[in-house]
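For reference, the structure is listed below as structure tokens.
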Amino acid sequence: MADQSQQLGPVVVGVDGTSDSLIAAGWAAREARLHGAPLELLHGFVPSPGYSRMLSGEIADERRAAGRLADDALAWVRDHYDGVEARAEVVAQPEADLLVERGRRARMIVLGSHRPGPVTGFLVGSVGLRVLSRAVCPVVMIRGGTAGRHRPDGEIVAGVPREEEAEAVLDFAFRTAAAREAPLRAVRAWSLPSLFTYDAELSRLADARGGLEDLHRHDLAELLTPWRERYPRVHVVEHVAQGPAAELMVDLAATAQLLVVGRRAEPRSRYVGHVAHATLHFADAPIALVPRTKDADADA
313 MADQSQQLGP VVVGVDGTSD SLIAAGWAAR EARLHGAPLE LLHGFVPSPG YSRMLSGEIA
373 DERRAAGRLA DDALAWVRDH YDGVEARAEV VAQPEADLLV ERGRRARMIV LGSHRPGPVT
433 GFLVGSVGLR VLSRAVCPVV MIRGGTAGRH RPDGEIVAGV PREEEAEAVL DFAFRTAAAR
493 EAPLRAVRAW SLPSLFTYDA ELSRLADARG GLEDLHRHDL AELLTPWRER YPRVHVVEHV
553 AQGPAAELMV DLAATAQLLV VGRRAEPRSR YVGHVAHATL HFADAPIALV PRTKDADADA
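Next comes the structure, spelled out in structure tokens:
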């Protein structure tokens, strides 16, 4: 579970002057207002090297341009989202490093991206990939176009992994559903084990419960019980289905206002797990990637 400092921390959004980052800033402002949290708009600025450029004043011009970019984003948020405590900051630091660093005390990081076409999927830039794989707080990816639209009547859809990985996902999903007064769909996908993945203990438990599907339904219900008690006003739908988890989450994204997916962090790797990878590329909804508790602890 996220620690208390993160739960009380700001919503952080990266801004870079593009329309996609403004869409992300708008989503982040709504979220900050729902949680009563401050909003921080951050722009990482690294001057281009060159002694002659420094003498000519070009670097100073770049700094002023970066400052105007951040100020414009802040003015846009204040014009469109009354009541949000917002501030903008330009920091002489690579964008990904800045966001990861500030994410240590943030309740979430929000980034914008876009879909380059109907087949090729969700384009995640190098900054996004570095933040996704390293941040210790949830990272929400907002793409431009139709997938960035707000679906106020949609569900929060959470992919619930096995017990040891579920806590952080459920913590974020229930808190978000409560703040938005939205229904929560808790999803568990399961598959028949192959010859190479046969697990005698799993088989024994499945037999005791009447089959694999019943076993997964029981496990999901047990995982949800303490969270339902903590958030009694959140309406929860349990969704257990046979098939690939990534495919199921992508299908459910069509009517969701937010997907919540667990994120795996591999040391020195940008791989975030196959379900997270697939939803990032093909799900038509904002996506919150939540690091596993032990991943966050290891990186802290």
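Numbering (our numbering), first residue to last: 313 to 612. Think of the CB as a built atom: it goes at the ideal place given N, C-alpha and C, for glycine as much as any other residue. Only a predicted model underlies this, so the values are computations on that prediction, with no experimental measurement involved.
- When the Cα atoms are used, V327 and P473 turn out to be separated by approximately 32 Å.
- Contact between A336 and G424 holds: CB atoms are separated by about 3 Å, below the 8 Å threshold.
- Sorting V358, Q405, V562 and G329 by C-alpha distance to the C-alpha of V469 places V562 at the top.
- Assigned with DSSP and collapsed to three states, V439 falls in helix.
- Going by beta carbons, V572 and A595 fall outside the 8 Å limit.
- Straight-line spacing of the CA atoms in R545 and R492 works out to 11 Å.
- Looking at the DSSP output, Q554 shares a beta bridge with W502.
- Separation of the CB atoms of L444 and R604 is rounded to 13 Å, and the pair is thereby denied contact status at 8 Å.
- Rounded to whole angstroms, the separation of the alpha carbons of D465 and A501 is 24 Å.
- Looking at the DSSP output, S425 bridges to R455.
- DSSP places G356 in no alpha helix (DSSP H) but in the uninterrupted beta strand (DSSP E) bounded by L351 to G356.
- Residue pairing of I468 in beta bridges, as defined by DSSP: L496 and L570.
- Annotation for A590: A558 and V562 place their beta carbon closer than 7 Å to its own, counting only its chain and skipping 5 residues before and after.
- In the assembly as shown, D531 is a buried residue. Its beta-carbon has 16 or more other beta-carbons within 10 Å.
- Take G379, set aside five residues on each side of it, and the residues of its chain with a beta-carbon closer than 7 Å to its own are V402, in chain order.
- For E541, the enclosing alpha helix (DSSP H) starts and ends at L524 to R542.
- In this model, R376 and M420 are separated by some 28 Å (Cα to Cα).
- Burial check for P322: the Cβ neighbour count within 10 Å reaches 16 or more, so the residue is buried.
- Within its own chain, the residues whose Cβ lies closer than 8 Å to the Cβ of S438, once the five positions on either side in sequence are excluded, are A408, listed in chain order.
- Secondary structure note for E413: its alpha helix (DSSP H) is the uninterrupted segment E407 to G415.
- In the same chain as L346, and ignoring 5 residues on each side of it, the C-beta atoms closer than 7 Å to its own belong to A491 and R492, in chain order.
- Taking the C-beta atoms as reference points, G415 is found no nearer than 8 Å to V358.
- Cβ neighbours of S503 within its own chain (closer than 8 Å, five residues either side excluded): Q554, G555 and P556.
- For E401, the enclosing beta strand (DSSP E) begins and ends at A398 to V403.
- Shortest Cα-Cα distance from Q405 to any of A385, H355, Y393 and E550 involves H355.
- Bridge partners of G329 according to DSSP: none are assigned.
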